[in-house]
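Undergrad:
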Amino acid sequence: MSDKKDIRALTKEQLRSFFEEIGQPAFRGNQVYEWLWQKSVHSFDAMTNISKATRAKLQEQFVINHIKVDQLQRSSDGTIKNAVRLHDDLIVESVLIPVKDRTTACVSSQVGCSLDCQFCATARLKRMRNLNPDEIYDQVVAIHNESLLYFNRPLTNIVFMGMGEPLMNYNNVLKAIDKITSPEGLGMSPKRITVSTSGVPKMIKKLADDKVRFNLAVSLHSAIEEVRTSIMPFNATFSLTDLRDSLIYWYKQTKSRITYEYVVWEGINDKPRDIEALIKFCKFAPAKVNLIEYNPIDDERFRQASSRAIEAYVKALEEEGITVTVRRSRGKDIDAACGQLANKTT
Ligand code: SAH
Numbered sequence: 395m396s397d398k399k400d401i402r403a404l405t406k407e408q409l410r411s412f413f414e415e416i417g418q419p420a421f422r423g424n425q426v427y428e429w430l431w432q433k434s435v436h437s438f439d440a441m442t443n444i445s446k447a448t449r450a451k452l453q454e455q456f457v458i459n460h461i462k463v464d465q466l467q468r469s470s471d472g473t474i475k476n477a478v479r480l481h482d483d484l485i486v487e488s489v490l491i492p493v494k495d496r497t498t499a500c501v502s503s504q505v506g507c508s509l510d511c512q513f514c515a516t517a518r519l520k521r522m523r524n525l526n527p528d529e530i531y532d533q534v535v536a537i538h539n540e541s542l543l544y545f546n547r548p549l550t551n552i553v554f555m556g557m558g559e560p561l562m563n564y565n566n567v568l569k570a571i572d573k574i575t576s577p578e579g580l581g582m583s584p585k586r587i588t589v590s591t592s593g594v595p596k597m598i599k600k601l602a603d604d605k606v607r608f609n610l611a612v613s614l615h616s617a618i619e620e621v622r623t624s625i626m627p628f629n630a631t632f633s634l635t636d637l638r639d640s641l642i643y644w645y646k647q648t649k650s651r652i653t654y655e656y657v658v659w660e661g662i663n664d665k666p667r668d669i670e671a672l673i674k675f676c677k678f679a680p681a682k683v684n685l686i687e688y689n690p691i692d693d694e695r696f697r698q699a700s701s702r703a704i705e706a707y708v709k710a711l712e713e714e715g716i717t718v719t720v721r722r723s724r725g726k727d728i729d730a731a732c733g734q735l736a737n738k739t740t
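According to the numbering used here, the sequence shown holds residues 395 to 740 in order.
(1) Arginine 449 lies in the alpha helix (DSSP H); which residues open and close that run?
(2) Mind checking which residues open and close the beta strand (DSSP E) that includes serine 479?
(3) Please report how far the alpha carbon of glutamate 407 lies from the alpha carbon of glutamate 414, in whole angstroms.
(4) Using DSSP bridges, identify the partner residues of serine 469.
(5) With DSSP run on the structure shown, which of helix, strand or coil describes isoleucine 530?
(6) Classify proline 492 as helix, strand or coil using the three-state DSSP reduction.
(7) Using the C-alpha atoms, what's the distance from serine 445 back to isoleucine 491?
(8) Leaving out five residues on either side along the sequence, give the residues of the same chain with a beta carbon under 6 Å from the beta carbon of leucine 452.
(9) Assuming the contact rule is C-beta atoms closer than 8 Å, phenylalanine 513 and glycine 733 should be a hit. Round their C-beta distance to whole Å, please.
(10) Taking only the alpha-carbon atoms, compute the straight-line gap between glutamine 418 and histidine 436 and give it to the nearest angstrom.
(11) Which of the three DSSP states is assigned to glutamine 551 in this structure?
(12) State yes or no: is the C-beta of threonine 635 within less than 7 Å of the C-beta of asparagine 629?
(13) Would the C-beta of methionine 626 count as close to the ligand SAH, meaning under 6 Å from any of its heavy atoms?
(14) Output the distance between the C-alpha atoms of threonine 740 and glycine 715, rounded to the nearest integer angstrom.
(15) Ignore the nearest five residues each way along the sequence and tell me which others in threonine 719's own chain have a CB closer than 6 Å to its CB.
(16) Go ahead and label glutamate 540 buried or exposed: buried means 16 or more other beta carbons lie within 10 angstroms of its beta carbon, across all protein chains shown.
(17) How big is the Cα-Cα spacing for cysteine 511 and valine 501?
(18) Taking 7 Å as the CB-CB cut-off, is leucine 641 touching chain D?
(19) Is any non-hydrogen atom of the ligand SAH found closer than 6 Å to the C-beta of isoleucine 686, if you look at the structure I gave you?
(20) Considering only DSSP beta bridges, list what glutamate 705 is partnered with.
(21) Would you grab the beta carbon distance between histidine 615 and asparagine 689 for me? Rounded to a whole angstrom, and I think it's under 8 Å.
(22) Report the start-end ranges of each alpha helix (DSSP H) in the region 596-675 that is 4 residues or longer and not cut off at the edges.
(23) List the endpoints of the continuous alpha helix (DSSP H) containing alanine 681.
If you want it as structure tokens, here you go:
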């Protein structure tokens, strides 16, 4: 690996100072910044409004690290999964999900994951490292380009529901979202972005303090302390009580409704007491519930509950006036569905 510096780790201000230091006007920094982010070029030679001599100078000192889509798999339902190679040869996955007139990018925030959700394939990979802001941004750009190429329309939504726990890579995820929403990047509205967390109370409070404007989703799966701990062992540390407090705080600060992601499993959370606990939890702060289909990952403890059990959830939640949607999985045939991202093809 080269010991040159990754130019995309510099802020616009730092780029401007760099040019001043080499005796050139600071606005060259803005020009280069635009090439790097808005135009996403991969080489200094593509920066045609920068002189050849200056490009050579940049080349001497910097590299442009860039992700590379190593393999692209297409599902029969249109979903596309990218295996993304990072500059140090580690791999993450990201997914393009086309639905009606929308295209959603599902992006990764870490290589592997440090959490231990028992039902998730990514949890079986240990956490290798956090992704840099540019590596997150590049996944979005790659999917935006694929959307134009294959579906003739731009990317419309982004969900941080790929590999990793976004709130355990807080600064880089927020920096990436800054670039995605900035007019100098993709200029996307934060309302079209959802960050999904397994529930890290301290970081949810930080999001609220930082007054972020994107949506928050929480992978709840159970509102009963011991049940949740049995399927998501970190719940012993980040308890439901703390999670609840952080969500109340989030709502107070942002006035933004929370989405709970919830899978119903046979014999785990398919009883009336599970439903009652969820309803109670939904009343702490305005929330809607997404009941998601379980994607089997080769573990006998977990089986999708019967449709009767799921209907019981829907009925009870609706009776309480809580919005509930039942979400079918996409991209299952290529292991691109929720909880299936585990670099199996590599
Ligand atoms: N770590 C974050 C981001 C990952 S999002 C989080 O947990 O929210 C991935 C979503 O898929 C989460 O809601 C997760 O609980 C869910 N999931 C994990 N494994 C799954 C599986 N096998 N079937 C269906 N959903 C699963």
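Backbone N, C-alpha and C define an ideal beta-carbon position, used for all residues, glycine too.
Bear in mind the structure is a predicted one, so any value in this text is a computation, not a measurement.
TA: If we stick to the structure as given:
(1) One-based indexing of the sequence shown puts residue 449 at position 55. 446-455 is the extent of the alpha helix (DSSP H) around arginine 449.
(2) To locate residue 479, count along the sequence shown from 1; it is residue 85. Note that residue 479 is arginine in the sequence shown, not serine. That run of the beta strand (DSSP E) goes 474-479.
(3) Taking the sequence shown and counting its residues from 1, one reaches residue 407 at position 13. Taking the sequence shown and counting its residues from 1, one reaches residue 414 at position 20. Their backbone Cα atoms lie some 11 Å apart in a straight line.
(4) For the purposes of this step, residue 469 is identified with residue 75 of the sequence shown, where counting begins at 1. In the DSSP output, where bridge partners are listed per residue, serine 469 has none listed.
(5) If you number the sequence shown from 1, residue 530 lands on position 136. Reduced to three states, the DSSP call for isoleucine 530 is helix.
(6) Against the sequence shown, residue 492 aligns to sequence position 98. Three-state DSSP puts proline 492 in a strand.
(7) Looking up residue 491 in the sequence shown gives position 97. Looking up residue 445 in the sequence shown gives position 51. Cα to Cα, isoleucine 491 sits roughly 41 Å from serine 445.
(8) Numbered from its first residue, the sequence shown carries residue 452 at position 58. Phe438, listed in sequence order.
(9) Translated into the one-based positions of the sequence shown, residue 513 becomes position 119. Translated into the one-based positions of the sequence shown, residue 733 becomes position 339. With 8 Å as the limit, phenylalanine 513 and glycine 733 qualify as a contact, their Cβ atoms being about 6 Å apart.
(10) Residue 418 sits at position 24 when you count from the first residue of the sequence shown. Residue 436 sits at position 42 when you count from the first residue of the sequence shown. Cα to Cα, the separation comes out at about 23 Å.
(11) Residue mapping note: residue 551 aligns to position 157 of the sequence shown, counting from 1. One point to set straight first is that residue 551 is asparagine, not glutamine, in the sequence displayed. Strand.
(12) Stepping through the sequence shown from its first residue, residue 635 is reached at position 241. Stepping through the sequence shown from its first residue, residue 629 is reached at position 235. Their beta carbons are not under 7 Å apart, which means threonine 635 does not touch asparagine 629 by this criterion.
(13) Your numbering for residue 626 matches position 232 in the sequence shown. Result no, Cβ not under 6 Å from the ligand SAH.
(14) Taking the sequence shown and counting its residues from 1, one reaches residue 740 at position 346. Taking the sequence shown and counting its residues from 1, one reaches residue 715 at position 321. Confidence at threonine 740 is low in this model, with a pLDDT of 42, below 50, so the placement of that residue is unreliable and no value is reported for it.
(15) As a position in the sequence shown, residue 719 is number 325, starting the count at 1. These residues qualify, in order along the chain: Asn684.
(16) Counting from one through the sequence shown, the residue named residue 540 turns up at place 146. Answer is buried; the Cβ neighbour count reaches 16.
(17) In the sequence shown, counting from the first residue as 1, residue 511 sits at position 117. In the sequence shown, counting from the first residue as 1, residue 501 sits at position 107. Cα to Cα, the separation comes out at about 18 Å.
(18) No chain D appears in this structure, which consists of one protein chain only.
(19) Here the question's residue 686 lines up with position 292 in the sequence shown. Isoleucine 686 Cβ: within cutoff of the ligand SAH.
(20) Reading the sequence shown from its first residue, position 311 is the one you call residue 705. None, per the DSSP bridge assignment.
(21) What you label residue 615 is simply residue 221 of the sequence shown in a count that begins at 1. What you label residue 689 is simply residue 295 of the sequence shown in a count that begins at 1. Rounded, the Cβ-Cβ distance is 14 Å, inconsistent with contact.
(22) 619-625 and 634-648
(23) Taking the sequence shown and counting its residues from 1, the one referred to as residue 681 is at position 287. Premise fails: alanine 681 lies in the beta strand (DSSP E), 681-686, not in any alpha helix (DSSP H).
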